[in-house]
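Protein chains in written order, with the numbering used here: chain A, 1 to 267; chain B, 1001 to 1430. Down below is the structure, laid out as structure tokens.
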Amino acid sequence: MAIKIIVMMKQVPDAEEIFIDPVKFTLNRAQARGIINPSDENALECALKIKDQTGAEITVLSMGPPAAESAIIECMGRGADRGVLVTDRVFAAADTYATSLTLAASVKNLGEFDLIIAGESTTDSGTGHVGPGVAEFLGIDQATYCTSLHIENDALVAERDLEDGTEVVSIGLPALATVLISSNIPRRAKLRLKIDALRKGIEKWDHDTLKLPPEWVGIKGSPTVVGALKIPEERKRAAKRITVDQLGELVKELGGMGLIKTEEEEA
Amino acid sequence: MSEFDAIIVGAGPAGSSAAIKLASSGLTTLLVEKADPPGSKNVSGGIMWGNELGGVLPDWEKDAPLERYVISKGTGLLTSDSLISVDFRSRKFESRKTGYSVLRAKFDQYLANKAKSKGATLVTGVTVDGLALKDGKVAGVIQEGDEITADTVILAEGVNPRVAISSGLRPEIGDKDVAIGVKQVVKLSEATINERFNIRGNSGFAGEYVLGFLKNGVKAGGFLYTNKETISVGAVINVGTLRADNETHSFEIMDQFVNHPFISPYLEGGKMEEYSAHLVCEGGIGSVPKIYGDGYLIAGDAAGFSYSNGLIIQGINYAITSGIAAADTVIEAKSKSNFSSGMLRGYEDRLQGKYVLKDLKKFRGIEEVTWSNLAHKALPDIAEETLFNLFYEEGIPKRHLMEIVLSATKKSGVKKTDMILEAYRTMRRM
């Protein structure tokens, strides 16, 4: 029997189209189009590669507003078999703790599974908490910072990209893996699959489906308090056009500004 | 049995209008668009002239994302030092609206979503590779090796119709068929725009200019349209003359236009929100291919439906009208279960009955006037010299207007006979 993979995906505003409100310090995402969180695209691609090789049944699980449906359809257009959107006003404004808990409950509600794959972090918050959080709530093993995944002898073999090199780990199923951004080239959706996805549609789950205590979800279930938000100061940049014979002067100038060290100084 | 009654390639004004009509009539319709969302790859000016949308959306004026209605239409000649323009402004446009500025990223999304709400299957972010053929007839589309079948395919791919070209349904785009459009969207406050253009409420300005200051042989026009809180400004550049000149680049023409002493004050202090470039449909009837055949129709820019006479540039209205006419034809074909070339010929007949093909035929050769040496190289200088001499008081005996014009013409180096011939041709064709 084909293994069952759950891909956790979040729809995020296109980072190229959002800006920070200079007065209220909030993200203005009203005009930004919704896209699949970039590393979640890589997570889905990992799942699709496993499906290509050994066969798999892929469910895309997302939590978010109803508009996230289009991102799930896009995932199904690339080859996912089923789409579930967990959407309810009471889930809104959840921090990473409440989100992980709600998603873990959703995974349980999906029934049996072998592998959960998620992007390492999202572009609209970037904590990297949710993948590991779901693994903890489910009590399963996890491999983080992965660049490639495959299934060998009923175990997950994952390549992890760490600071001092690459680590290859093998962990028993069921397991959860988070995948780094740009670790593969996500495929494009196919017309055939998108038409089928639109016909099939997605499942929408709400609070009544999951039946979690209200104080566990949404803003009530979120222990995080945002103290302050700061916009990093934009680095000042300068450019100068020079010819090759002016290189010496440029080196001196940059040395004088303390931006580079010249050999004489080092000696 | 086909999977869909109709597949439409391209969710611009032509494709979405066709889809709205087809889906409203109960036909199973697939609308495929490469951009996501629709309109996000578009570089239209753009003013939508006319009331064509009423044909499929009676309430469009109330709920479409329109920017401003045109109350003031400018047409002018720009030289390095001067602007010679006619600015027609009329309260008559208040009660009888002739055109609206639109931002196509919003507008195309609105139209595509209308098609979806009428029941069409809308797939975005997917590019169709080619046409599926069966017994020499178009029987659907091909995408990544999959065949999706339909009784009829409407190609509304826009100005660079790759599917129609690769399928041999129309020739490759030539220099005469298109121009290069370069556009900026500049953000300003609504109040500033109102003040600078002397407009109020949701009324707006649409201006088109001959860029007579360009050196070498390059010919180009400029446009300036007001939106609610932005200004769309851009250049439309003739491809042949640009190709012939290695010195000039399209972005420099754009820079010269927006920095012109009589254009830059409109844009001053604005923040550039978009910078884009695209081909623009320009060819006239000479660029229109065969627009129907066994199992297919071509609509909008893909069919070369646009109109420009130097005073006005139109395309969206032609796209919508042709999209609706294509849909009407498919609906009739469906009722008779006949999708042959002979049946779909009704599309051309429908367009003959409307202004789309009538205009293109009547104004055959207009593109030669729009891009003539007279309009781009001689007229701006002659007009500047004439008006300068007319209005400049230097305390010497005055001359008759005709004398001034003749001496200005002589100075411009244009032969009198050429001038008369060109002027005659312009009057005839315009």
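Here a beta-carbon is modelled for each residue, glycine too, at the ideal position from N, C-alpha and C.
Here Gly-79(A) is buried. Its C-beta has 16 or more other C-beta atoms within 10 Å. Here Val-1330(B) is not near Leu-1066(B), since their CB atoms are 9 Å or more apart. Contact between Gly-1181(B) and Ala-1303(B) is ruled out by a C-beta separation of about 18 Å, above the 8 Å threshold. Rounded to the nearest whole angstrom, the C-alpha separation of Gly-221(A) and Leu-103(A) is 13 Å.
Thr-122(A) has its alpha-carbon roughly 8 Å from the corresponding atom of Asp-40(A). Rounded to whole angstroms, the gap between the alpha carbons of Pro-1380(B) and Ala-1423(B) is 14 Å. Under the Cβ distance rule, Glu-1144(B) counts among the residues neighbouring chain A, one pair being separated by less than 9 Å. Contact annotation: the segment 1141–1160 of chain B touches the segment 1311–1330 of chain B, with at least three C-beta pairs closer than 8 Å. Around Ser-1025(B), the same chain offers Ala-1327 and Ile-1331 as residues with beta carbons nearer than 8 Å, after the five sequence neighbours per side are excluded. In the structure shown, Ile-1231(B) adopts extended strand secondary structure according to DSSP, grouped into three states. Thr-87(A) carries a coil assignment under DSSP once its states are collapsed to helix, strand and coil. Along the segment 1007–1033 of chain B, going in chain order, the ones with a CB nearer than 8 Å to a CB of chain A are Leu-1030 and Val-1032. Under the DSSP definition of a beta bridge, Ile-18(A) lacks any partner. Separation of Gly-1269(B) and Pro-186(A) (C-alpha to C-alpha, rounded to the nearest whole angstrom) is 41 Å.
For Arg-1104(B), the number of other beta carbons within 10 angstroms of its own is at least 16, and it is reported as buried. DSSP assignment within the segment 1286–1336 of chain B yields the following whole alpha helix (DSSP H) runs of 4 residues or more, N-terminal first: 1316–1335. Under the three-state reduction of DSSP output, Ser-170(A) falls in the strand class.
Nearest to Asn-37(A) by C-alpha distance, out of Pro-132(A), Gly-64(A) and Glu-253(A), is Gly-64(A).
Across the set Ala-43(A), Ile-6(A) and Val-7(A), the C-alpha of Ala-43(A) shows the shortest separation from the C-alpha of Ser-182(A). Within the same chain, Cβ atoms closer than 6 Å to the Cβ of Ile-1366(B) are found at Gly-1284, Asn-1309 and Arg-1429, the five residues on either side in sequence being excluded. Going by DSSP, Val-1218(B) is part of no beta strand (DSSP E) at all; its letter is neither H nor E. Under the three-state reduction of DSSP, Arg-33(A) is assigned to coil, being neither helix nor strand.
From the beta-carbon of Pro-1037(B), the residues of chain A found nearer than 8 Å are Arg-33.
Annotated as proximal: Val-1236(B) and Gly-1222(B), with beta-carbon spacing under 9 Å.
For Lys-49(A), not one C-beta of chain B is nearer than 9 Å to its own C-beta. Of all alpha-carbon atoms in Phe-1339(B), Gly-1286(B), Ile-1298(B) and Thr-1230(B), the one lying nearest the alpha-carbon of Arg-1068(B) is that of Thr-1230(B). The shortest CA-to-CA distance from Ile-1154(B) to any of Phe-1363(B), Tyr-1100(B), Gly-1010(B) and Arg-1096(B) is the one to Gly-1010(B).
At least one beta carbon of chain B lies nearer than 9 Å to the beta carbon of Glu-74(A).
For a cut-off of 8 Å, the C-beta gap from Met-76(A) to Ala-197(A) is around 3 Å, short enough to register as a contact.
For the pair Val-1356(B) and Val-1043(B), the CB atoms are not nearer than the 9 Å cut-off. Residue pairing from DSSP places Pro-13(A) in a beta bridge opposite Gly-34(A).
Within chain A, no residue has its beta carbon less than 9 Å from that of Ile-1193(B); the closest one is some 19 Å off. Against chain A, the beta carbon of Val-1126(B) has neighbours under 8 Å at Gly-77, Arg-188, Ala-189, Lys-190, Leu-191 and Lys-194, listed in chain order. Annotation for Ile-1142(B): no alpha helix (DSSP H) segment contains it, though the beta strand (DSSP E) segment containing it runs 1137–1143. At least 9 Å separates the CB of Leu-44(A) from every CB of chain B.
Around the beta carbon of Thr-1426(B), a 10 Å sphere encloses 16 or more other beta carbons of the protein chains shown; the residue is thus reported as buried.
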